[in-house]
Structures are given as C-alpha cells and as structure tokens.
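Residues in the sequence shown are numbered consecutively from 979, following my numbering. For glycine and all other residues, C-beta sits at the position ideal for the given N, C-alpha and C. Have a look at the structure below before the remarks.
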Amino acid sequence: PTTNNEMMISYPTTMMKNGRSFPQMLRAIALFLLLATIPTVAQTLDPRAWDLGEPGPFVDVYVSPTGSDTNNGLTRQTPLRSVSTAWSLMNNTLLANFGFRINLMNGDHTCDLPDCTPILTQTVATTRQHPIIIRAVDGAGSATLVGGLTLRNPSNVYLMDFSIRSIPGQKPPSEALLAVFSGQNILLRNLRLIAPDPAQYPENSDVDAGIGILNSTNLHVEQCQLQGQSENGVVVVGSQHVELLKNDIAG
C-alpha cells in the first residue's frame, strides 16, 4: 500500500536496524524507513508545504548535458557542462545582493568515471531572500543527474523538480544517492531518486539509502519519490526539525 508521510522528526538517540551499522559517514543515530509505491511525478504542491516566500532577484546559470565548462553559463545558448563548475561561480559579494539559481536543462547529466558524485561544499553566506536553488528548468522530471549528489555545509539551499539516478556497480561516497551534511534551511521538493532495479540487481548493494541527512537543522523533504533502495529510504542522523511531507518510497 502507498504511504504518504506527514510529520516532523528529531532524532538525538541511536537506533539500529537488525544489528547492521549504517555507512561510516551516516553512522546510525537514527533511521526512518518508509515503503510505498511510486506514482507519477507530483505536479500539485501540497498547501502544507514549506513557504519559500518571495526570494530573489536571482543570477541564473544554465547547465546542459551538451554544454561546456569553458562557457559562461549565463544563457541557454552558452550552458556549462557540470553542476560543480556552476556551483564554483558563487561568491559572497554576489550572494549579498542576489540569489543563485542553477538551471538543469533537459536530459541526462552524465559524468566521467570514477568521479560521478559531485560534492558541493558551501563556503558562501546565504539568506532566505538570496538562497541557492538547483532545479530542472524545463519542467518537473526533465533533468536527471546520473551518479549522485552530496551537499556539505549547505545553508538556504533548495533542490527542486529533477531526478538523481545511480550507476549500477558504483557506490556513491556517502552510500546515499543524495546526502546532506551539516545543512540548515534545506528544501528537497519533487525530486525522484532512482537506485538499481532490485529485480535486475537482487543484492542492490550499491546504494544504502535514497536520502541521507546528517547533523542538519530545519530540513524539508516534500513530495519526493524514492525507488529501488532495498535497505533504507531516508536515513536521518543527529538532526533536528526534519519535516517529511507526502513522500513515496518503494523498495
């Protein structure tokens, strides 16, 4: 049966699953596991969703599977190739006056092995008025990051409307498709996280969790779809004020 989760959780104490420890970077202080079926991509925002307010203005940067990191990324005609390069363009002077929006253009954003999980470390100051947004610019579900994504020290970062798909046989460094470490004011909305098909890969040992959250505060996971994680859907470790709203998870 389908399960829609609607709750706030804070986990300060240790919980273990069947005696198994979580990956080193996600040592089990807490675990939240849901099982459900995967519907179509959510299109309607739940009225209980986190209110973003009216942030902006924004500097827009475009990333395309056919782009080049020698471009400036400022238009659809001159897109960058990688999210990491787009992320590196931010600085404190810019974010004092603007938000920063990384627009993922249509298609599969593939990677060069073995570095297929961008680790985006935030070193700049942000506010709710001037946040960092990574989104699928051509419509919900139109862009897919292949490999995984890790955020370190993110603050006021919103991920919206795109997919993340793992590569069979390659384990992300955090062992979660999407990992958030030491985050504050984070929104994960209408994402789809796809691990190897358990029917095709019965051991499914490449990805231990769809979303891993470590030492973070005020994190919202809304209307996301997680598919293929046979161990854990969402792992929450040492975090407070984590809100889950209408997420669908299938093993």
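### Query
Out of curiosity, what's the CA-to-CA distance linking D1086 and S1217?
Residue numbering aside, residue 1086 sits at position 108 when the sequence shown is read from its first letter. Residue numbering aside, residue 1217 sits at position 239 when the sequence shown is read from its first letter. In this structure, the straight-line span from the alpha carbon of D1086 to that of S1217 is close to 32 Å.
### Query
What's the C-alpha gap between V1214 and V1158?
Position 236 of the sequence shown, counted from the first residue, corresponds to residue 1214. Position 180 of the sequence shown, counted from the first residue, corresponds to residue 1158. Cα to Cα, the separation comes out at about 10 Å.
### Query
Between N1131 and S1160, is the Cβ-Cβ spacing less than 8 Å?
Reading the sequence shown from its first residue, position 153 is the one you call residue 1131. Reading the sequence shown from its first residue, position 182 is the one you call residue 1160. Closer than 8 Å, so yes.
### Task
Let me know if A1074 comes out buried or exposed under the rule of 16 or more other beta-carbons within 10 Å of its beta-carbon.
Counting from 1 along the sequence shown, the entry for residue 1074 is found at position 96. Exposed: under 16 other Cβ atoms inside 10 Å.
### Task
State the start and end residues of the unbroken alpha helix (DSSP H) segment that holds L1052.
Residue numbering aside, residue 1052 sits at position 74 when the sequence shown is read from its first letter. For L1052, there is no enclosing alpha helix (DSSP H), as DSSP marks it with neither H nor E.
#### Entry: Opposing strand residues paired with V1158 [DSSP bridges]
Locating residue 1158 in the sequence shown gives position 180, counting from the first residue. Paired residues: L1129 and I1191.
### Message
DSSP has F1036 in a bridge; who is on the other side?
### Response
Counting from 1 along the sequence shown, the entry for residue 1036 is found at position 58. DSSP, once it has assigned bridges, lists G1077 as partnering F1036.
#### Entry: Segment limits, alpha helix (DSSP H) that includes A1064
Here the question's residue 1064 lines up with position 86 in the sequence shown. V1061 to W1065 is the extent of the alpha helix (DSSP H) around A1064.
### Query
Does DSSP classify L1171 as helix, strand or coil?
Position 193 of the sequence shown, counted from the start, is the residue given in the question as residue 1171. Of the three classes helix, strand and coil, the one that applies to L1171 here is strand, per DSSP.
### Message
Bridge partners for T1099 per DSSP, in chain order?
### Response
In the sequence shown, residue 1099 corresponds to position 121, counting from 1. Answer is R1130, bridged to T1099.
### Task
Rank A1103, D1024 and D1116 by C-alpha distance to the C-alpha of P1076 and give the top, closest one.
Within the sequence shown, the letter at position 98 stands for residue 1076. First, the amino acid is wrong: residue 1076 is Phe here, not Pro. Taking F1076 as reference, the option from A1103, D1024 and D1116 with the minimal CA-CA separation is A1103.
### Cβ pair S1133, Q1100 closer than 8 Å
In the sequence shown, the residue the question calls residue 1133 occupies position 155. In the sequence shown, the residue the question calls residue 1100 occupies position 122. Yes, these two residues count as a Cβ contact at 8 Å.
### Query
To the nearest whole angstrom, what separates the beta carbons of L1127 and L1156, a pair I think is in contact under 8 Å?
Position 149 of the sequence shown, counted from the first residue, corresponds to residue 1127. Position 178 of the sequence shown, counted from the first residue, corresponds to residue 1156. About 5 Å separates the two Cβ atoms, so the contact holds.
### Query
Skipping 5 residues on each side, what residues in its chain have a beta carbon closer than 6 Å to that of R1113?
In the sequence shown, counting from the first residue as 1, residue 1113 sits at position 135. For R1113, same chain residues with a beta-carbon under 6 Å away, outside a window of 5 residues either side, are M1138 and D1139 in chain order.
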